[in-house]
Amino acid sequence: MKSHQTAQTMKPATAAKKLGVYLPATPAEFQEGVVTRQELNALQANPPAWLEELRRNGPHPRPVVAAKLGVSISGLARAGVTEALTSEQIEALKQDRPEWLEKERATQAEVRKETARIKRRDAERAASSDEPGR
1 MKSHQTAQTM KPATAAKKLG VYLPATPAEF QEGVVTRQEL NALQANPPAW
51 LEELRRNGPH PRPVVAAKLG VSISGLARAG VTEALTSEQI EALKQDRPEW
101 LEKERATQAE VRKETARIKR RDAERAASSD EPGR
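Under the working numbering, the first residue of the sequence shown carries the number 1, and numbering increases by one thereafter.
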């Protein structure tokens with residue numbers, strides 16, 4: 001007897017997150033339906049014009065805005081940036097270099113440095129515990 005397999009589906013919000021786009025900016029039919037894994041794969045492999053446009057010009061969701069600005073999502077929140085931004089708005093912020101952006105970039109750089117330091121430390125500990133005779 002064969003088991004009947006149903007297509008794995010996800011909510012539009014989940015699919016938008018996986019595609020890296022801002023859900024309210026997607027077409028109504030995308031927002032109102034469910035997306036199968038197969039449909040998601042097709043959108044990723046061969047993005048329609050609306051998806052390419054959103055990825056290029058936005059509005060972008062906070063994780064994408066944060067990455068493009070080189071700050072954390074928390075840094076955006078601390079700065080009061082809660083809405084989605086377009087690529088044009090992100091470029092304007094990069095040009096204007098407000099104080100909050102410089103501060104948050106410095107904070108993000110410190111976090112990355114500390115993460116790398118911890119990773120090196122843990123690797124050294126793992127290597128020394130693997131040595132024979134210890």
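Glycine included, C-beta positions come from ideal geometry on N, C-alpha and C. Computed from a predicted structure; not experimentally measured.
Is it buried or exposed, residue i, if we count other Cβ atoms within 10 angstroms and call 16 or more buried?
i: T21; result: Note on residue identity: the sequence assigns Val, not Thr, to residue 21. The residue is buried, with at least 16 neighbouring Cβ atoms inside 10 Å.
i: P61; result: buried
i: A15; result: buried
i: V34; result: exposed
i: G80; result: exposed
Please report the Cβ distance between residue i and residue j, rounded to the nearest whole angstrom; I am assuming they are in contact, meaning their Cβ atoms lie under 8 Å.
i: L54; j: T26; result: 7 Å
i: V71; j: E104; result: 4 Å
Ignore the nearest five residues each way along the sequence and tell me which others in residue i's own chain have a CB closer than 7 Å to its CB.
i: L43; result: L19 and L51
i: F30; result: P12
i: L76; result: R62, V65 and A66
Quick one: what's got a C-beta closer than 8 Å to residue i's C-beta in the same chain, skipping five residues either side?
i: R78; result: W100 and E104
Residue i by DSSP, collapsed to three states: which one?
i: V34; result: coil
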